[in-house]
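Residue numbers (the numbering used here): 37 to 445.
Take a look at the structure below.
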Ligand code: AMP
Ligand code: MG
């Protein structure tokens, strides 16, 4: 058998060709699921002033050392107050949660520990230590400190942090543009009933969806048959974007032109064929700063090779540190056999029952997308083994896990 590149070698070659992520500024509402490109510093202390934690009375703690203590209520401070009353000994003011604490006072007693004697006198029923129920200025974050490091994945929490420090247009790594091209004379669009010999194009919509899930902008999605001229035209157009994802036409058949046309159009191949199952015929090329992937036509192979080869490159280019599918160890529920030679990424399902367990999903092979779509993971069977026994620990790649924490500055 020809010695194809191993999965690891092939992936390394792709990542070595990956252009560096590019910084852009974006409106905050478009930053979810992006990677932060530069650190964010606090533009103010948090809290920005001594702030009350409670609804109650701002007091001089010395005034309530003996309780009950009667104090004159001389005013009120609500959240958002822009001026503060002065509070003399023997006096207090009502204060609301989030309101600034007057400088003459040093503690807040909660309303539950008080009793109104009349409209302007309150009895504080319990002593309070100095500083009680007061969040001191700068206690959480000091002005100028780093609140988010470069490389952080921006989730909803980070959106809130960015908002609280006035980051209306944070610097993030830009997304990528992509053109999707399906080849094959047998393909008809989703809204057409196939005649004899034809099938519907599932790869086009599926690959576009895989791209959108990663936050890419799908600029075009076309189906061009097996005519080398139309394939060349689609490749020339697609090479204008960051990524060109083709499917079909990369094997050894009479009508498999994709790798040849890619080369002819100046996208030199980084490799063609890797020792993986499914998806052996995959080819990857580069022209300028555009990466072109020729994914195999069988839909399962196209899906799996996208996840194994295109996804890590896309994530690296978008500034993520964790670029591959998340890998876990799980107990295999039934034996699997394997013909050594290629790393087998077998569709599987995970289940938690005190331990993490993984079961292969039986499918009709790499054309059976319906069967494959039931899988939530890929069981990794190393190329050199002839199988894995039931009950053994096996390595599994999670297909639909959350994006994970990004981290690459
Ligand atoms: P190919 O890699 O072009 O030899 O295609 C391998 C198999 O995948 C053939 O059975 C094709 O009909 C099928 N195939 C290719 N492209 C698509 C597509 N876009 N959607 C569904 N099936 C496809
Ligand atoms: Mg074909």
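All C-beta atoms, glycine included, are put in the ideal place defined by N, C-alpha and C.
First through last residue of the beta strand (DSSP E) which encompasses residue i
i: residue 308; result: 304-308
i: residue 92; result: 92-95
i: residue 159; result: 157-160
i: residue 72; result: First-last for residue 72: undefined, no H or E at that position.
i: residue 394; result: 392-396
i: residue 431; result: 429-434
i: residue 13; result: This structure gives no information on residue 13, because the portion of the chain shown stretches from 37 to 445.
i: residue 145; result: 143-146
i: residue 209; result: 207-209
i: residue 414; result: 413-417
i: residue 111; result: 105-113
i: residue 163; result: That residue, residue 163, is in no beta strand (DSSP E); it is neither H nor E in DSSP.
i: residue 64; result: Where residue 64 is concerned, there is no enclosing beta strand (DSSP E), given that its DSSP letter is neither H nor E.
i: residue 152; result: 150-154
i: residue 257; result: 253-259
Residue i vs residue j beta-carbon contact at 7 Å
i: residue 67; j: residue 208; result: yes
i: residue 81; j: residue 168; result: no
i: residue 121; j: residue 134; result: no
i: residue 149; j: residue 106; result: no
i: residue 78; j: residue 244; result: no
i: residue 384; j: residue 397; result: yes
i: residue 378; j: residue 419; result: yes
i: residue 330; j: residue 258; result: no
i: residue 216; j: residue 305; result: no
i: residue 41; j: residue 345; result: no
i: residue 218; j: residue 314; result: no
i: residue 226; j: residue 264; result: no
Option in the options with minimal Cα separation from residue i
i: residue 205; options: 129, 217, 73, 146; result: 73
i: residue 233; options: 372, 132, 224; result: 224
i: residue 382; options: 117, 310, 395, 388; result: 395
i: residue 363; options: 416, 397, 58; result: 416
i: residue 151; options: 109, 186, 137, 117; result: 109
i: residue 336; options: 188, 103, 283, 265; result: 283
i: residue 193; options: 69, 391, 238, 380; result: 69
i: residue 299; options: 119, 288, 319; result: 319
i: residue 156; options: 162, 166, 104, 130; result: 130
i: residue 429; options: 436, 327, 392, 435; result: 392
i: residue 141; options: 262, 100, 217, 161; result: 100
i: residue 46; options: 366, 305, 61, 310; result: 310
i: residue 184; options: 200, 51, 116, 170; result: 200
i: residue 63; options: 218, 195, 369; result: 195
i: residue 52; options: 175, 349, 376, 389; result: 349
i: residue 187; options: 57, 322, 177; result: 57
Residue span of the alpha helix (DSSP H) that contains residue i, given as start and end
i: residue 242; result: 239-249
i: residue 268; result: 264-274
i: residue 406; result: 405-408
i: residue 48; result: 43-52
i: residue 192; result: 192-200
i: residue 300; result: 294-300
Contact with chain C by residue i, beta-carbon distance below 7 Å
i: residue 424; result: The structure shown contains no chain C; it holds only a single protein chain.
Using only Cβ atoms and a threshold of 5 Å, which residues come within that distance of a heavy atom of the ligand MG? Order them by chain position.
220, 284, 285, 333
Please give the ranges of any alpha helix (DSSP H) in the region 319-383, keeping only runs that are unbroken, at least 4 residues long and fully inside the region.
335-341, 347-353
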